[in-house]
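Enquirer: Residue numbers (our numbering): 114 to 1229. Note that the Cβ used here is the ideal one computed from N, Cα and C, for glycine as well.
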Amino acid sequence: MPIILNHSNIGVQYSTGSNYIIETVKSDLYLRNETVDTIVRDNIQVAPVTPTTYVDSSGNVYAVESYIYSGSANTAGFTRVFTKNTTCDILIVGGGGGGGCGMGGGGGGGQVVHATNVNIPIGTYNIIVGSGGAGGVSNNGTNGANSVAFGATANGGGGGGGTGSWGTAAAVGIAGGSGGGGGANSTNTLQASGTVSFGTLGSILASAIRYGNVGGTGKYDTSSGGGGGGGGAGSAGTAGNSISKGNGGNGVIINITGTSYYWAGGGGGAAWATSNGTGGGNGGLGGGGGGAFGAGSDTSGINGLGGINNNIIQPSSTTGAAGANNTGSGGGAGTYNANAGGAGGSGIVIIRYLLGTIPATNYLTNEPVVSPYVIVADGYYPRTPATNSATWTDNGYTVTVKVSDATLYGAIYYICNNKLIDTDEWHSTNVYTINNNTTYSGSTNFKGNAGIAFGIDLGRPIYPKRIRIAPRANHPQYGPQLTSAPGTFKIYASNNPSSWNDNNHIDWILIHSQISPPTFVNLQFTIITLSNIPSISYRYYTMVVMTTASSYGYLTLTEWNIGGDEKIDSILEGGTHKRLSFIYNNDNLVASYKFNGDYLDSSGNGHNLTNVGTVIQSTHIIEGQAVEFDSTDYLEFPATINPYTIWNGKGITFSFWVRFTAHGLWARLIDFQTAANTGNGLFFSVKSAPVTGASALYADIGNGTTKFTYSNWSNSIITTLGVWHHFVWSIDVSGKWDIYLNNVRINGTETANIPNISYNLRYINKSAHPDSTWGGQMDDFRIYGRALSVADVEMLYNKTYPEPNLYTLNFPVPTLADINNNSNIILRGSYDIALTTTNAIITPKTGQYIPKPTTFASDLLSIRYNILNPMNDPTGAQWAYSSNNTNMYHMGSVGIGTTNPEYQLDVSGSVNAKSYYLNGRQINEPLSELGLSEGMIAQVRHLTYTQMDIKNNTGWDAINDNLTTGFVIAITPKSNLSKILLNIIVHIGLAASNYSVWWGIKLYRKIGAGDWTEVTGPNGTETGSAAATAGTPVWISNTMYAGNLDYQYKVTNVTGTYLDSPNTTSTVYYTAYWNNRIGDNPSAINTIYLNRAESHGDAYRPAPSSSWTASEIWYG
């Protein structure tokens, strides 16, 4: 029986016959308990909040401490103690201002203070987080409370101006971190916005950047108006009046948590009636929306995207929306007679510091390889536009198109309105029309480019390569028109869902720039290779059209598609793992007949053929085997193959290979009809004789209503036998035909839909009429429920089209993996993967093994593998078990580890190991220290100091703090939990002064590149029954010879010990500071010596040494 050890550092290999082999490999994952966990454990600092951690793309591991407001007080306070100097990034956001009431202005966002790579010295710091300001209920909104940290203050946002009742003078916006918007009412007076008021930075955060902006003014004219938007940290609020609504300013986008968020957006101002737009002012990105009143169609503004919130449309309301908490966003304004404004969002303080970096050498350097890597190559998305809707389904994914409100200069008419694929429209009733010499009234440029932005969300990422643009259809009335085609344009891509609704999002990446108008094929479309093909996949795309091909006065765009490769790609998970997801993809393949020993449908859809007389042979083939026809042989499709059902709304393609050895007149390649001797369906024949003359090929739909003839009987298809030919007949959703012979399109502009009739006769090489047949072989017959692209046909002809749902996966080195949540499986070498609609199967190649299950009841196979190079030794060793010999033979070295051992290992000899672990903690480092347990000594460092030193100045200073040659002991702890036991021996000589007896030594410590700081733990405390509280606390001293006038000839031996807890794995240095008259401040000048007496004039005087000993005591 096989032996299976379920643990990460045991690989299991299966050998046929009676022997079972276990191959072992050593695992960094087991020895290190994962690098990231170790980095966090060794370097995380104690904080009053629970920190989160994340790993960036460079392998840097960060800790993030978020201090948020809670409770009912104006602020929330915390105390953070830094036990060592720490380089940090700091974000401080004041509370957002509340929105004003009664046609009020939006609240301003809190001030944002952002500092990077600042040193926070050892010390204790108070952190204050401000609450959001209350929304106005009778007048102005109140300011948000200030947030404070490390001596820097982020002021709260200013409250929005407001008024208590209609007809009263509205108030101006209040100054703050960002100013509040001005209010508006019936007095028809412009109300000023709040200005910016920044807090101080202090010395520690002196290099920080401060963000804040003014709010917008408010005004009510004769019949409509609105309050101004609150200022945001990223931009100012806009004015509210009868022409425009007061939108809040955007927050500033900062990534300090691992994700880019907007901080401190301004609240939207209130609005009256519809003349200034529909609804209240929108909150800036990060702010709350304003209220609206006056017309039934009015709605309140849209809340901005906060640091942790999604876009939410506030229901139509007269009350302003609250700003998002923990973002410092301003509240939206309330409208009309004292309707309340929304509260501002509370502020936040965030501290981020680096815990460590995953070593590059610890990453998996040989990634697994998937073949074929491309699922769908060079397919256009959507492949076959079929709807005027803004959304449709492509390969199971929802594709969405839209038109943004970017600005286009000039007089333009454009057909779009979310109808980018409207193939038959010309001057549609759904046309955005702009008067001559005016500018499109959109409010936002796209990444600084003025132009109309057309967006596509593909529903999943692809690797983009090219674009297809169709400016408009070949209209029967007007003919082709290119003057309105796109001229210059740019293509942007992104994977951030937030960018889909934000034209200026930082994640939009430029992938193509069209600097001159393109050339269109047949005056209808163009295909352009991207100027900057990215190496990663993207989901969201936008084309910004900046000019048309000429100044004709309108822009028409009936289709634009992004094309590329959809690949099996690994996705990073948490910085320690990657995941490969194999998902069943039908590729719109309806039926596939390989004729490899049977007539079954290999697509998995069950459309199996009925054989009448044919045979399967292996001599003349395209791949595997092929079917052979002779005389009256034919094949029949099942009733489930209905051409109309397949084509309707999707398109249809027939693809097959044929090698003719003979062909009779009107010999059918395929024939689909209602009944015998009818022709109202469709057929494709060879060597035909229509009334127009003999033809080599003939295609027909509707009994000659639409037909295509190709060449004549002198064509090589007829005259040259025994040659394979590839045929493709593709009919798109609009009925357009594409017929290919050997990868060359041979037809014209034929167009005909598939008839909606009953197809009772469905043949290969048989006619519904008493026509002849052809002889020869057929192979690789496919039916697709879509129109194939040129690239698809080319790959089918070149036999490079990837088989859907069949993959080979190769792991070059042993790699720890999970398969569909079955854990701790070591993959090495090649494996076959096959997917169906019901099962996912992984099969090891010869010589490989994986434990069961290998078949999963799912159309998804998910493989999650460790990238921390868990397998350092790919050769390992082997044990063997034979059913004929129950003894276990040792054939090399083996490492065994399991949390709950299933097997016992008895060793009669010695055991050698690189490391030992106890309860998951390493207990022997370095290698020579085996058998270590808690409380034992992990390492010892000793210094013998022979130099003589003298002190004859005032105050406390080091005996000699040179790190290389001085009286300094250094030790590097193996764990941040270890303690350091210190022992010092000094030989002190005193000068000939009675005051010199009052001397002492203190302990000082330095961690890494930090400063020397006193360790006060070993000092005396003057407590207890004899306490007098009049002395000076020191570590060690000696006054045994006080009053003895001969002490200048003596050397005093003094010792001291202390158990220190440095809480670090950085190098720790210790030294001694001394003072020869500790009661004076400063001390009187006297003399004290190290390693000699004051009198040292002949060979009778001793010259001793002093020493340090530092021992690491292991605590895990």
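Since T904 is in the alpha helix (DSSP H), which residue starts that stretch and which ends it?
Expert: Checking the sequence, you will find Ala at residue 904 rather than Thr. 903-910 is the span of the alpha helix (DSSP H), which, as asked, contains A904.
Enquirer: Return the bridge partner residues of Y1162 from the DSSP annotation.
Expert: Answer is none; Y1162 lacks a bridge partner.
Enquirer: If contact is defined by three or more beta carbon pairs under 8 Å, each pair taking one atom from either stretch, is the region 913-921 in contact with the region 850-867?
Expert: No contact exists between the region 850-867 and the region 913-921.
Enquirer: Please return the same chain residues whose Cβ sits closer than 6 Å to the Cβ of G1169, not counting the five positions on each side in sequence.
Expert: I1097, W1148, I1149.
Enquirer: Distance cutoff 8 Å, beta carbons only. Does Y654 sit that close to anything in chain C?
Expert: Included in the structure is just one protein chain, with no chain C present.
Enquirer: Just to confirm the assignment, what range does the alpha helix (DSSP H) spanning W760 have?
Expert: Its alpha helix (DSSP H) spans residues 756-760.
Enquirer: Could you say which of Y333, N1075, I367 lies nearest to G353 if we only look at CA atoms?
Expert: When only C-alpha atoms are compared, the closest one is Y333.
Enquirer: Does the beta-carbon of T1142 have 16 or more other beta-carbons within 10 angstroms, so that it is buried, or is it exposed?
Expert: Flag for T1142 reads exposed.
Enquirer: Confirm, please, whether the CB-CB distance from G295 to G207 is below 8 Å.
Expert: No, the pair does not count as a contact, with Cβ atoms beyond the cut-off.
Enquirer: Beta-carbon within less than 8 Å of I421's beta-carbon, same chain only, minus the 5 sequence neighbours each way: which residues are those?
Expert: Below a pLDDT of 50, predicted positions are generally treated as unreliable, and I421, at 36, falls in that range; the measurement from the model is reported next regardless. Cβ neighbours of I421 beyond the five flanking positions: Y374, A437, N439, T440.
Enquirer: Please report the straight-line C-alpha distance between N793 and D892, rounded to a whole angstrom.
Expert: Cα-Cα distance, rounded: 28 Å.
Enquirer: I'd like to confirm the pairing. Which residues does DSSP put opposite T470 in its beta bridges?
Expert: According to DSSP, T470 bridges with N173.
Enquirer: So, helix, strand or coil for I205, using DSSP?
Expert: In the structure shown, I205 sits in a strand (DSSP, three-state: E or B).
Enquirer: Select from Y1117, M1061, F821, S1174 the residue whose C-alpha is nearest the C-alpha of T862.
Expert: When each option's Cα is compared against that of T862, the closest is F821.
Enquirer: Does the distance from the CB of L782 to the CB of F840 come in under 8 Å?
Expert: Cβ distance < 8 Å, so L782 and F840 count as in contact.
Enquirer: Apart from the five residues on each side of it in sequence, which residues of its chain come closer than 6 Å, Cβ to Cβ, to Y182?
Expert: The residues are A189, V242, S244, S459.
Enquirer: Where L693 and F767 are concerned, what is the direct C-alpha to C-alpha distance, given to the nearest angstrom?
Expert: Approximately 33 Å, taken between the alpha carbons.
Enquirer: Determine the contact status of G290 and G329, defining contact as a CB-CB distance below 8 Å.
Expert: Against a cut-off of 8 Å, the Cβ pair of G329 and G290 comes out as no contact.
Enquirer: Kindly list the residues whose CB is nearer than 8 Å to the CB of N389, restricted to its own chain and excluding five residues on each side of it in sequence; keep chain order.
Expert: Note on N389: pLDDT 48, under 50, position unreliable in the model; the coordinate value appears next. S337, G338, G339, G353, N354, S355, I356, S357, K358.
Enquirer: Can you give me the Cβ contacts of D1070 inside the same chain, cut-off strictly under 7 Å, excluding the 5 residues immediately before and after it?
Expert: Excluding residues within five positions, the ones whose Cβ falls inside 7 Å are Y1186.
Enquirer: Kindly indicate which residue of I932, V1167, T1184, N1132 has the alpha-carbon position closest to the one of D1124.
Expert: Considering only alpha carbons, the answer is T1184.
Enquirer: Whole angstroms is fine: what's the gap from I92's alpha carbon to Y872's?
Expert: Given that the chain is displayed from residue 114 to residue 1229, the structure contains no residue 92 and the question cannot be resolved.
Enquirer: Could you say which of V728, N198, F750, R941 lies nearest to Y466 if we only look at CA atoms?
Expert: Y466 has its Cα closest to that of N198, out of V728, N198, F750, R941.
Enquirer: Mind reading off the beta-carbon distance from G344 to G362? Whole number of angstroms is fine, and I expect it under 8 Å.
Expert: Indeed, because the Cβ distance is near 5 Å, the residues count as touching under 8 Å.
Enquirer: Look up P60 in the DSSP assignment and give the residues it is bridged to.
Expert: Limits of the chain in this structure are 114 at one end and 1229 at the other, which puts residue 60 out of reach.
Enquirer: In whole angstroms, what separates the C-alpha of I877 from that of I624?
Expert: The straight-line gap from Cα to Cα measures roughly 47 Å.
Enquirer: Cβ atoms of F695 and A953: under 8 Å apart, would you say?
Expert: Against a cut-off of 8 Å, the Cβ pair of F695 and A953 comes out as a contact.
Enquirer: So what does G1169 bridge to, in DSSP terms?
Expert: Its beta-bridge partners are I1097.
Enquirer: Can you name the residues that DSSP bridges to K820?
Expert: Partner(s): D813.
Enquirer: By a C-beta neighbour count over all protein chains shown, 10 Å radius and 16 as the cutoff for buried, is Y811 buried or exposed?
Expert: It is buried - the Cβ of Y811 has at least 16 other Cβ atoms within 10 Å.
Enquirer: Tell me, please, whether the region 161-180 touches the region 244-256 by the rule of three or more beta-carbon pairs shorter than 8 Å.
Expert: Counting Cβ pairs under 8 Å, fewer than three are found: no touch.
Enquirer: Mind checking which residues open and close the beta strand (DSSP E) that includes I955?
Expert: Run containing I955: 953-957, per the beta strand (DSSP E) assignment.
Enquirer: Return the chain-ordered list of same chain residues with a C-beta closer than 6 Å to the C-beta of S843, the five sequence neighbours on each side being excluded.
Expert: Same-chain partners within the cutoff: T766, D851, A900, L901.
Enquirer: Got a sec? Which residues, its chain only, sit under 6 Å from H1209 by beta carbon, not counting five neighbours each side?
Expert: Contacts found: none.
Enquirer: Could you check the C-alpha separation between L909 and N230 for me, to the nearest Å?
Expert: Going by the C-alpha atoms only, they are around 56 Å apart.
Enquirer: What is the DSSP secondary structure of N923, counted as helix, strand or coil?
Expert: Three-state result, N923: strand.
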